[in-house]
Amino acid sequence: MENYIHANLIDTLKNLTQDVVTTKYYLDKISEQNCQKLNFHCIDSEISLKLRKHLQFYSPATVLRRFSKSFVHVSTAYANCLQNPIEEKFYDPPMDADKFIDLMDSIDEKLLDDITPQLLGIWPNTYVYTKSIAENVVKKHADLIPIGIFRPGIVIPTYREPICGWINNMYGLVGVTAGGAMGLIRTNHCDGSMKVSVVPGDLTTNALIVSAWDIANNRRSSEQIPIYNYVSKDNPITFEELKDMSAKYMLSVPTNEAIWYYSFRNTKYRPIHLFYTCFLHLLPAFIIDMIALCMIKQPRLIGSNDQFID
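So, in structure tokens, the structure goes:
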């Protein structure tokens, strides 16, 4: 069975070319002709609110009209992080999608940056804010085709496939872990006692495909939109446990890219985190960059620390 799946996988899955910057979305002709059965809407990035408007709201509403069998919108388990517990159902968004789009269209970037904290309110960041609104865009268009929402936890490197530990990006927990292994990140503003829902990339992909199959075969009406929470609730782990587990292997099998000895801590309180940032990130980076300048070499550490100062 596994040989059959692997032999036909490349012929079965097709990548869709899509313009995600303008309000008009054009799938190329090959995609339109060959990929009209299943669609996984997984667009995401570290971007501004204005671009998130295009990715989260225009894109699914336009693309899903082209597919007849099953459409899966990939959200996140944290899209409704203000709820406790988070059930497999829709929650009220922080703002109506149409009003949000009108606001983004009528405001310039500078003013938007100024009002973003007020716009977010108690929401932690623009990522979960727009993800929550996007779920309700899907709900609005649910009468067009069989559709559902897939909410994974924080996706980490693979468990087995294609190989153990495979990953193709350095975002989120993966980036923090890699930075810690290199000795570049030495403090993380985080409550180590909090549970974190992490799920391996390959198992997440399997669950996503099964969700598409279930939508195509078992969904009965537009009033019953399936939502799939794919999380690690039955096998929870805290940030501190995750740090200790990572440290075990970082110290026993250190990376060749390390620039300093591993020393990483989760810091709950922001003032203490900023103190560590100054003395464990900025000061050493400044000293090393000054030495590099004296040796007529390119300084590179100060800039790399900017992203860790929140």
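For the sequence shown, the UniProt record's numbering assigns the number 1 to the initial residue and increments by one for each residue that follows.
Quick reminder that beta carbons are idealized off the backbone N, C-alpha and C, glycines included.
Quick caveat: nothing in here was measured; it's all calculated off a predicted structure.
task = With a 10 Å radius around its C-beta and 16 neighbouring C-beta atoms as the bar for buried, classify leucine 293 as buried or exposed.
result = exposed
query = Is threonine 187 helix, strand or coil by DSSP?
reply = strand
key: Residues near isoleucine 296 by beta carbon distance below 7 Å, same chain, minus five either side   = none
query = What's the gap between the Cα of methionine 95 and the Cα of isoleucine 122?
reply = 13 Å
request  = Please specify which runs of the beta strand (DSSP E), each continuous and at least 3 residues long, are wholly inside the UniProt domain "Thioester reductase (TE)" (69-207), giving them in chain order.
outcome  = 70-74, 147-152, 154-156, 187-189, 198-200
message = With H, G and I counted as helix, E and B as strand and the rest as coil, what does DSSP make of isoleucine 302?
response = helix
query = From this set, Phe150, Thr116, Lys131, which residue's C-alpha is nearest asparagine 206's C-alpha?
reply = Phe150
query = Would you say isoleucine 215 and proline 226 are within 7 Å of each other, going by their C-beta atoms?
reply = yes
Sequence ranges, alpha helix (DSSP H) only - wholly within the segment 220-260, length at least 4 = 239-252
inquiry  = Here's the rule I'm using: 16 or more other beta-carbon atoms within 10 Å means buried, otherwise exposed. How should tyrosine 78 be labelled?
reply    = buried
key: CB of tyrosine 127 within 7 Å of CB of leucine 120, strictly   = no
ask   = Between the C-alpha atoms of aspartate 114 and asparagine 125, what's the straight-line distance to the nearest angstrom?
value = 14 Å
key: Rounded Cβ spacing between valine 231 and glycine 153 (contact assumed at less than 8 Å)   = 4 Å
message = With a threshold of 7 Å on Cβ separation, who are the neighbours of glutamine 83 within its own chain once the five nearest residues in sequence on each side are excluded?
response = Tyr91
Methionine 182 and alanine 258 closer than 7 Å at C-beta = yes
Range of the contiguous beta strand (DSSP E) that encloses threonine 267 = 265-267
query = Assuming lysine 268 contacts aspartate 191 under a Cβ cut-off of 8 Å, what Cβ separation, rounded to an integer in Å, is found between them?
reply = 5 Å
request  = Compute the Euclidean distance between the alpha carbons of glutamate 248 and alanine 178, then round it to the nearest angstrom.
outcome  = As written in the sequence, residue 248 is lysine, which differs from the glutamate given in the question. Between lysine 248 and alanine 178, the C-alpha separation is close to 14 Å.
message = According to DSSP, is alanine 216 part of a helix, a strand, or is it coil?
response = helix
task = Mind reading off the beta-carbon distance from tyrosine 262 to glycine 180? Whole number of angstroms is fine, and I expect it under 8 Å.
result = 6 Å
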